């Protein structure tokens, strides 16, 4: 694949050109951390970060999103009729998304875009987006992407991969969408430069890992009944930090919000850490304790997903949940416990 | 403060051996700098897991709520005040508890410390009141006073107010501390300035409820934000709903909050929501001469009344 060289002095001009055809998004520093925002005209994405505090997930799948609006005013002919809320799905370009967040969209797509069910909001936003990824050359100590089916230069889910080479970027147009964006920006100078060496160097800097090789062969019920859950769940506060900061968590709740005679039907992120998530109308809660809820989160990511899709774990190793958990519950540690767990069931059978 | 670790282990091992407690609640080493993990041990031989240093800012009384065992718990000043509050509010009984008091030197503010360095912090160690921070490309020694959690810097109850034994000698309490400079700053604002200030304060909130869930006072079986019949608050990230959550949660803590700082410590996006609870703390002190959690013999002012109350309507 041809590699394009983008001189950094040509960077602002290219973005300026793109702003005519795309809404531009990128990392912006606010207080002490970076998060994705729409870039006002002339504002450049700030690439001076290890990773954004929160993932790029919300660009496609906002934390709160209106789906329908309605009126309850019975004097109106269309009262109680749900009407789609108008959305802006014009082309958007997302700059500086890390390969882990891009790979996460590929995992999440397995849920939102299936032959049976198609989530119109997620799919339209995803398809409207061109993802210009920024390869990692300075991963965090809690990053374990290389053992989670991803990597600092991983290309899955990206349309363009950028690697920072000092006074210029090296860019790979990975999809037609990506190549079109490079062309539209006027970034066309081909180079013989190779990013393989940069990739190897970056992968060598990933200092942390998980073992997942034995998860698939484990008996689900044996893992479910493993004795370590009580101890692992003890510290858990059952807050939503891990799920909301996770690029691969996709659960939502739907709510009607009425104000006087009008209303909107919202969907909001939900979290399997919250008791309300599984509370039945009867009052019964099948996941009645925090141990149940913590176990669900890890079983889903590291066992149920593995078994259902045969595409590895539902985690890209971005390390955000590790960094942000208020009480230091560490998915790396729990993954090792699960992967190494021997219930002794086989021995008994023999 | 590291000398406490040996003492805590020794006490815990003894309590479990002699059967005074079925479990000990304390901290174990975390997997990240400035992070220890709340934990429990049930076997005397596990006592070596327990640690104590300046990264034990989570309030352990939060882990006592409605437990039935005989529990030994490691408690710094603020934890002990929340244990008192728990006893007063019938969330645990005094008889169930063996309190291992830790006279506290204050906890390290992990958010602030991280923000003082451009690159990732690889390790944080403490010696003789100094904090040694190592990053990939630098090493720096900080004064502990400069990286204390904000609540610890103005703490006036570092010694446990209730305990069965102490893991170290009592420390000198901080005196002449101005606890409410920040609150007075907000009180002096015009209504519009206040609104702008609170809009900014909560702009980053993702409603993960880490603040609420880290708070030992927030033990309601169903929090008002989770009620659906009737639904009091919207669940989206709408700014009014977000503020409603924070304001009402703070009011529910009036006269009960010990300013342990667990809420701010837990927040993944660094919101300083303590200004709300401190305002209510200040009001309780000004109006009722009340500080929460100092004695199990008196109920908090908002959950009792006096016949000589100065307000007419209450008589």
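Protein chains in written order, with my numbering: chain A, 8 to 357; chain B, 256 to 570. Just so you know, even glycine gets a beta-carbon here, dropped at the ideal spot from N, CA and C. Keep in mind it's a predicted model, so treat the numbers as computed, not measured.
Any idea if residue 402 of chain B is buried or exposed, counting beta-carbon neighbours within 10 angstroms, 16 or more meaning buried?
Stepping through the second chain from its first residue, residue 402 of chain B is reached at position 147. The Cβ neighbour count for residue 402 of chain B, taken over all protein chains shown within 10 Å, is at least 16; the residue is labelled buried.
Could you work out which residue in B/408, B/566, B/383, B/406 is closest to residue 396 of chain B when comparing CA atoms only?
Along the second chain, one-based indexing puts residue 396 of chain B at 141. Per the C-alpha coordinates, the member of B/408, B/566, B/383, B/406 positioned closest to residue 396 of chain B is B/383.
For residue 42 of chain A: DSSP bridge partner residues
Here residue 42 of chain A refers to the residue found at position 35 of the first chain. Looking at the DSSP assignment, residue 42 of chain A forms a beta bridge with A/35.
Quick one: Cα of residue 448 of chain B to Cα of residue 348 of chain B, how far?
Taking the second chain and counting its residues from 1, one reaches residue 448 of chain B at position 193. Taking the second chain and counting its residues from 1, one reaches residue 348 of chain B at position 93. Approximately 45 Å, taken between the alpha carbons.
Output, in chain order, the set of chain B residues within a Cβ distance shorter than 8 Å of residue 331 of chain A.
Start at 1 with the first residue of the first chain, and residue 331 of chain A comes out as number 324. Simply 523.
Local conformation of residue 357 of chain A per DSSP, three classes
The residue labelled residue 357 of chain A in the question sits at position 350 within the first chain. Any reading at residue 357 of chain A needs caution, since the residue's pLDDT is 42, under 50, leaving its predicted position unreliable; the model's value is listed next. Coil, per DSSP.
What does the alpha-carbon distance come out to for the pair residue 237 of chain A and residue 285 of chain A?
For this step, residue 237 of chain A is matched to residue 230 along the first chain. For this step, residue 285 of chain A is matched to residue 278 along the first chain. Cα to Cα, residue 237 of chain A sits roughly 20 Å from residue 285 of chain A.
What's the call for residue 321 of chain A, buried or exposed, on a 16-neighbour Cβ count within 10 Å?
Within the first chain, numbered from 1, the residue matching residue 321 of chain A stands at position 314. Buried, since its Cβ has 16 or more Cβ neighbours within 10 Å.
Amino acids of chain B, ordered along the chain, whose beta-carbon sits closer than 8 Å to that of residue 264 of chain A:
Translated into the one-based positions of the first chain, residue 264 of chain A becomes position 257. Under the 8 Å cutoff, chain B gives 489, 491.
Name, in chain order, the residues that DSSP records as bridge partners for residue 564 of chain B.
Stepping through the second chain from its first residue, residue 564 of chain B is reached at position 309. Partner(s): none; residue 564 of chain B has no beta bridge.
Less than 8 Å between the C-beta atoms of residue 530 of chain B and residue 437 of chain B, yes or no?
Counting from one through the second chain, the residue named residue 530 of chain B turns up at place 275. Counting from one through the second chain, the residue named residue 437 of chain B turns up at place 182. Contact annotation: residue 530 of chain B and residue 437 of chain B have beta-carbon atoms nearer than 8 Å.
Look at residue 326 of chain B and residue 418 of chain B and say whether their C-beta atoms are less than 8 Å apart.
On the second chain, residue 326 of chain B is found 71 positions in, with the first residue counted as 1. On the second chain, residue 418 of chain B is found 163 positions in, with the first residue counted as 1. Taking 8 Å as the cut-off, the beta carbon of residue 326 of chain B is found no closer than this to the beta carbon of residue 418 of chain B.
Using a Cβ-Cβ distance under 8 Å, would residue 95 of chain A count as near chain B?
As a first step, residue 95 of chain A is located in the first chain; it is residue number 88 there, counting from the start. False, the Cβ-Cβ gap to chain B never drops below 8 Å.
Comparing alpha-carbon positions, which option in B/309, B/370, B/344, B/330 lies nearest residue 524 of chain B?
Position 269 of the second chain, counted from the start, is the residue given in the question as residue 524 of chain B. Ranking B/309, B/370, B/344, B/330 by Cα distance to residue 524 of chain B puts B/370 first.
Within 10 Å of its beta-carbon, does residue 394 of chain B have 16 or more other beta-carbons around it, so buried, or fewer, so exposed?
On the second chain, position 139 is the one that residue 394 of chain B refers to. Counting Cβ neighbours within 10 Å, residue 394 of chain B comes out exposed, since fewer than 16 surround it.
Exposed or buried, which one is residue 138 of chain A when buried takes at least 16 other CB atoms within 10 Å?
For the purposes of this step, residue 138 of chain A is taken as residue 131 along the first chain, with counting starting at 1. With 16 or more Cβ atoms within 10 Å of its Cβ, residue 138 of chain A is classed as buried.
For residue 127 of chain A and residue 159 of chain A, I'd like the C-alpha separation in whole angstroms.
Start at 1 with the first residue of the first chain, and residue 127 of chain A comes out as number 120. Start at 1 with the first residue of the first chain, and residue 159 of chain A comes out as number 152. Roughly 30 Å separates the two Cα atoms.
Where residue 319 of chain B and residue 329 of chain B are concerned, what is the direct C-alpha to C-alpha distance, given to the nearest angstrom?
What you label residue 319 of chain B is simply residue 64 of the second chain in a count that begins at 1. What you label residue 329 of chain B is simply residue 74 of the second chain in a count that begins at 1. Residue 319 of chain B and residue 329 of chain B have their C-alpha atoms some 11 Å from each other.
How big is the Cα-Cα spacing for residue 271 of chain A and residue 343 of chain B?
The count along the first chain starts at 1 and reaches residue 271 of chain A at position 264. The count along the second chain starts at 1 and reaches residue 343 of chain B at position 88. Spanning the alpha carbons of residue 271 of chain A and residue 343 of chain B requires a straight line of approximately 44 Å.
Can you confirm whether the segment 236 to 251 of chain A touches the segment 108 to 116 of chain A when touching is taken to mean that 3 or more C-beta pairs between the two stretches lie within less than 8 Å?
Between the segment 108 to 116 of chain A and the segment 236 to 251 of chain A, the count of Cβ pairs shorter than 8 Å is below three; the stretches do not touch.
Assuming contact is defined by CB atoms lying nearer than 8 Å, are residue 547 of chain B and residue 511 of chain B in contact in what I supplied?
For the purposes of this step, residue 547 of chain B is identified with residue 292 of the second chain, where counting begins at 1. For the purposes of this step, residue 511 of chain B is identified with residue 256 of the second chain, where counting begins at 1. Contact flag set, yes.
Across the segment 30 to 46 of chain A and the segment 55 to 69 of chain A, are there enough close Cβ pairs to call them in contact, namely three or more that are closer than 8 Å?
Judged by Cβ distances under 8 Å, the segment 30 to 46 of chain A makes contact with the segment 55 to 69 of chain A, as three or more pairs qualify.
Residue 334 of chain A touches chain B at which residues, Cβ-Cβ below 7 Å?
Along the first chain, read from residue 1 onward, the residue named residue 334 of chain A stands at position 327. In chain order: 292, 293, 313.
Which residues, in order along the segment 436 to 449 of chain B, keep a beta-carbon less than 8 Å from a beta-carbon of chain A?
Listed by position, the residues of the segment 436 to 449 of chain B near chain A (Cβ gap below 8 Å) amount to none.
Would residue 296 of chain A be called buried (16 or more neighbouring beta carbons within 10 Å of its own) or exposed?
Translated into the one-based positions of the first chain, residue 296 of chain A becomes position 289. The residue is exposed, with fewer than 16 neighbouring Cβ atoms inside 10 Å.
What separation, rounded to the nearest whole angstrom, lies between the Cα atoms of residue 29 of chain A and residue 461 of chain B?
Working through the first chain from its first residue, we reach residue 29 of chain A at position 22. Working through the second chain from its first residue, we reach residue 461 of chain B at position 206. One Cα belongs to residue 29 of chain A, the other to residue 461 of chain B, and the distance between them is close to 27 Å.
If you draw a straight line from the alpha carbon of residue 268 of chain B to that of residue 298 of chain B, how long is it in whole angstroms?
If you number the second chain from 1, residue 268 of chain B lands on position 13. If you number the second chain from 1, residue 298 of chain B lands on position 43. The alpha-carbon of residue 268 of chain B is positioned some 8 Å away from that of residue 298 of chain B.
Residue 527 of chain B (DSSP reduced to helix, strand or coil)
For the purposes of this step, residue 527 of chain B is taken as residue 272 along the second chain, with counting starting at 1. In the structure shown, residue 527 of chain B sits in coil (DSSP, three-state: anything other than H, G, I, E or B).
Counting only the same chain and skipping the five closest in sequence on each side, list residues whose C-beta sits under 7 Å from that of residue 357 of chain A.
What you label residue 357 of chain A is simply residue 350 of the first chain in a count that begins at 1. At residue 357 of chain A, the pLDDT of 42 sits below 50, so the modelled position is not reliable and the matter cannot be decided from this model.
Those residues which DSSP pairs with residue 356 of chain B across a bridge
Stepping through the second chain from its first residue, residue 356 of chain B is reached at position 101. DSSP, once it has assigned bridges, lists B/330, B/421 as partnering residue 356 of chain B.
Less than 7 Å between C-beta atoms, sequence neighbours within five positions excluded: which residues of the same chain meet that for residue 358 of chain A?
Because residue 358 of chain A is not part of the residues shown, which for chain A are 8 to 357, the question remains open.
If I follow the unbroken alpha helix (DSSP H) through residue 452 of chain B, where does it start and stop?
As a working note, residue 452 of chain B is residue 197 in the second chain. Unbroken alpha helix (DSSP H) run through residue 452 of chain B: 446 to 456.
Tell me where the beta strand (DSSP E) around residue 380 of chain B begins and ends.
As a working mapping, residue 380 of chain B is identified with position 125 in the second chain. That run of the beta strand (DSSP E) goes 376 to 382.
Can you tell me the Cα-Cα spacing of residue 280 of chain A and residue 495 of chain B, whole angstroms?
Taking the first chain and counting its residues from 1, the one referred to as residue 280 of chain A is at position 273. Taking the second chain and counting its residues from 1, the one referred to as residue 495 of chain B is at position 240. Cα to Cα, residue 280 of chain A sits roughly 24 Å from residue 495 of chain B.
Where residue 163 of chain A and residue 113 of chain A are concerned, what is the direct C-alpha to C-alpha distance, given to the nearest angstrom?
Taking the first chain and counting its residues from 1, one reaches residue 163 of chain A at position 156. Taking the first chain and counting its residues from 1, one reaches residue 113 of chain A at position 106. Residue 163 of chain A and residue 113 of chain A have their C-alpha atoms spaced approximately 7 Å apart.
Threshold first: 3 residues or longer. Then list the beta strand (DSSP E) segments lying entirely within the segment 152 to 230 of chain A, N to C.
Correct list: 167 to 171, 175 to 180.
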